[in-house]
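A.B. asks: What the sequence shown shows, in this note's numbering, is residues 130 to 469, in sequence order. Glycine residues also receive a C-beta, built at the ideal position from the N, C-alpha and C atoms.
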Amino acid sequence: MRRLKIAAHASCVPALALALTLGALPSSSQAADKYAAEFLNIGVGARALGMGGAFVSLASDASASYWNPAGIAGLERAELLVMHSEHFGDLVNHDYFSFVQPLSGDANASVGISLIRVGIDDITVTRDAFDDQNGDGEWQEGEEIFFDRFQMDSDVEYGLLLSYAREYTDRLFLGGNVKLLRQGLIDNTSFGMGLDIGAMYFPSPNLTLGARLADATTTQISWDTGHHETVAPSLTVGARYTMLMPAAFDGSVTVAADLREAFDGSDEVSQLGGGLDSRLGLEYWFKQLLAARVGSDTGNFTAGAGLNVPGMLQGMSVDYAFLAHDELDDTHRLSASVRF
Numbered sequence: 130m131r132r133l134k135i136a137a138h139a140s141c142v143p144a145l146a147l148a149l150t151l152g153a154l155p156s157s158s159q160a161a162d163k164y165a166a167e168f169l170n171i172g173v174g175a176r177a178l179g180m181g182g183a184f185v186s187l188a189s190d191a192s193a194s195y196w197n198p199a200g201i202a203g204l205e206r207a208e209l210l211v212m213h214s215e216h217f218g219d220l221v222n223h224d225y226f227s228f229v230q231p232l233s234g235d236a237n238a239s240v241g242i243s244l245i246r247v248g249i250d251d252i253t254v255t256r257d258a259f260d261d262q263n264g265d266g267e268w269q270e271g272e273e274i275f276f277d278r279f280q281m282d283s284d285v286e287y288g289l290l291l292s293y294a295r296e297y298t299d300r301l302f303l304g305g306n307v308k309l310l311r312q313g314l315i316d317n318t319s320f321g322m323g324l325d326i327g328a329m330y331f332p333s334p335n336l337t338l339g340a341r342l343a344d345a346t347t348t349q350i351s352w353d354t355g356h357h358e359t360v361a362p363s364l365t366v367g368a369r370y371t372m373l374m375p376a377a378f379d380g381s382v383t384v385a386a387d388l389r390e391a392f393d394g395s396d397e398v399s400q401l402g403g404g405l406d407s408r409l410g411l412e413y414w415f416k417q418l419l420a421a422r423v424g425s426d427t428g429n430f431t432a433g434a435g436l437n438v439p440g441m442l443q444g445m446s447v448d449y450a451f452l453a454h455d456e457l458d459d460t461h462r463l464s465a466s467v468r469f
């Protein structure tokens with residue numbers, strides 16, 4: 130991350146936080162759809178996910194485009210990151226690609242492009258597999274089922290993020306995403322567009338505060354059936370603190386915590402109630418070479434490890450993350466990045 134010069138710009142933070150909070154409140158005329166574009170909430174990057182997704186204040190690699198677009202302003206070199214994960218015993222395949230490029234003509238700004246793909250294969254389609262005698266489109270008792278009419282199809286969802294971020298002061302980064310969505314479910318497709326806004330503030334070299342307002346203007350999704358969905362804004366705020374360990378441990382420890390408030394009416398299923406969820410993470414680096422991570426993603430245990438490859442491949446990192454689930458199979462994520 131670009132070296133921070135300590136200067137007095139604290140007055141920017143309250144105004145920014147107020148603007149983000151007010152912007153996150155949907156107007157009474159907007160009706161949000163619960164779980165619309167839910168695939169965007171899965172999370173990306175094995176480093177972040179090993180820490181439970183507590184990354185809004187720690188976003189310092191190419192996955193920052195997702196967690197907090199302001200974070201890409203801190204990259205001094207171009208970076209490419211790719212991730213593959215298999216959720217719940219290979220039920221859901223999740224892939225992520227991100228490339229960030231600092232602007233050569235502007236030492237304080239960066240741009241990025243990211244692609245998220247979530248796919249569920251081998252979905253059994255049975256809607257045309259019965260004798261619909263009354264023409265209501267629903268199976269009724271007594272209507273014959275024809276197993277040879279069963280079909281297999283898939284659900285594939287894409288999110289494209291176009292990012293820009295700038296170091297506005299020595300302590301403040303601001304950034305945003307233009308977000309394009311494409312979903313395909315059986316025979317139907319949808320298209321959507323939205324906007325994310327992020328900020329990172331550095332009170333000291335060891336402490337960072339972060340905020341991300343996802344779907345800031347509400348994200349509108351239109352299906353080819355004529356159905357429309359609205360993704361309500363959600364606000365994530367967090368902090369990270371890093372401390373150096375004694376010489377015997379020769380490393381550093383970072384603790385991070387996030388709170389996410391969703392404004393989609395899903396209060397009943399939120400972890401803390403009222404649409405509020407928490408994420409916690411701990412990361413230990415040994416000689417800035419090996420990392421160990423643990424975390425809690427809305428109450429689910431996570432763990433992970435990382436390696437900064439030395440020698441001729443210096444600039445390359447490999448990370449792994451594990452997510453435990455009480456009712457479904459565990460999830461494994463693997464990502465790799467390289468800085469040019």
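So, for L169: in the same chain, excluding its five sequence neighbours on each side, which residues have a beta-carbon less than 6 Å away from its beta-carbon?
C.D. replies: As a working mapping, residue 169 is identified with position 40 in the sequence shown. Excluding residues within five positions, the ones whose Cβ falls inside 6 Å are G288.
A.B. asks: Run through the region 308-335 for me and flag every whole beta strand (DSSP E) of 3 or more residues, listed as ranges in chain order.
C.D. replies: Counting only runs of 3 or more, we get 317-333.
A.B. asks: Mind checking who L388 pairs with in its DSSP beta bridge?
C.D. replies: As a first step, residue 388 must be located in the sequence shown, where it is residue number 259. L388 is bridged to V366, S407.
A.B. asks: Let me check one thing: in DSSP terms, what residues is M372 bridge-paired to?
C.D. replies: Numbered from 1 along the sequence shown, position 243 holds the residue referred to as residue 372. Answer is V382, bridged to M372.
A.B. asks: Check V467 in the structure and name its three-state DSSP category.
C.D. replies: Along the sequence shown, one-based indexing puts residue 467 at 338. Strand.
A.B. asks: Roughly how far, in whole angstroms, is the beta-carbon of F469 from the beta-carbon of R206, given that I think they are within contact range, below 8 Å?
C.D. replies: Position 340 of the sequence shown, counted from the start, is the residue given in the question as residue 469. Position 77 of the sequence shown, counted from the start, is the residue given in the question as residue 206. So it is a contact: roughly 6 Å between Cβ atoms.
A.B. asks: Using only the alpha-carbon positions, how far apart do L442 and S466 sit?
C.D. replies: For the purposes of this step, residue 442 is taken as residue 313 along the sequence shown, with counting starting at 1. For the purposes of this step, residue 466 is taken as residue 337 along the sequence shown, with counting starting at 1. Spanning the two alpha carbons is a distance of roughly 11 Å.
A.B. asks: Contact check, D190 vs L210 under 8 Å by CB: the rounded distance?
C.D. replies: Here the question's residue 190 lines up with position 61 in the sequence shown. Here the question's residue 210 lines up with position 81 in the sequence shown. Right, the Cβ-Cβ distance comes to about 6 Å (below 8 Å), so this counts as a contact.
A.B. asks: I'd like to know whether the C-beta atoms of G323 and T348 end up nearer to each other than 8 Å.
C.D. replies: The residue given as residue 323 occupies position 194 in the sequence shown. The residue given as residue 348 occupies position 219 in the sequence shown. Yes, Cβ-Cβ distance for G323 and T348 is below 8 Å.
A.B. asks: Among R341, S363, M372, E358, which residue has its Cα nearest to the Cα of P334?
C.D. replies: Within the sequence shown, the letter at position 205 stands for residue 334. Minimum Cα distance to P334 is reached at M372.
A.B. asks: For D246, tell me which candidate among V423, S381, E167 has the shortest Cα-Cα distance.
C.D. replies: Counting from one through the sequence shown, the residue named residue 246 turns up at place 117. Inspection of the sequence shows that residue 246 is occupied by Arg rather than by Asp. Measuring from the Cα of R246, the nearest candidate turns out to be E167.
A.B. asks: If you drop the 5 nearest sequence neighbours on each side, which residues of the same chain put their C-beta closer than 8 Å to that of S186?
C.D. replies: Start at 1 with the first residue of the sequence shown, and residue 186 comes out as number 57. Around S186: N197, M329, T337, L338, G339, G367, A368, R369, A385, D387.
A.B. asks: Less than 6 Å between C-beta atoms, sequence neighbours within five positions excluded: which residues of the same chain meet that for R462?
C.D. replies: The residue you call residue 462 lines up with position 333 of the sequence shown. Cβ within range, chain order: A175, L178, S214, A450.
A.B. asks: Out of F228, G203, T318, state which residue places its alpha-carbon closest to the alpha-carbon of A236.
C.D. replies: As a first step, residue 236 is located in the sequence shown; it is residue number 107 there, counting from the start. Checking every option, the nearest Cα to that of A236 belongs to G203.
A.B. asks: Quick one: grab the DSSP three-state call for F168.
C.D. replies: Taking the sequence shown and counting its residues from 1, one reaches residue 168 at position 39. In this structure, F168 counts as helix in the three-state DSSP scheme.
A.B. asks: Along the chain, where does the alpha helix (DSSP H) containing Y195 start, and where does it finish?
C.D. replies: In the sequence shown, residue 195 corresponds to position 66, counting from 1. Element bounds for Y195: 193-196.
A.B. asks: Using the Cα positions of P362 and A434, report the straight-line distance between them to the nearest angstrom.
C.D. replies: If you number the sequence shown from 1, residue 362 lands on position 233. If you number the sequence shown from 1, residue 434 lands on position 305. Between P362 and A434, the C-alpha separation is close to 32 Å.
A.B. asks: Is R341 closer than 8 Å to L316 when the C-beta atoms are compared?
C.D. replies: Here the question's residue 316 lines up with position 187 in the sequence shown. Here the question's residue 341 lines up with position 212 in the sequence shown. Residue identity check: residue 316 is Asp in the sequence provided, not Leu. No, the pair does not count as a contact, with Cβ atoms beyond the cut-off.
A.B. asks: How far does the alpha helix (DSSP H) with G179 in it reach, from first residue to last?
C.D. replies: Within the sequence shown, the letter at position 50 stands for residue 179. First-last of the alpha helix (DSSP H) with G179: 175-179.
A.B. asks: Using CA coordinates, which residue listed in L405, R422, S351, S407 is at the minimum distance from Y413?
C.D. replies: Mapped onto the sequence shown, residue 413 falls at position 284. Cα-wise, what sits closest to Y413 is R422.
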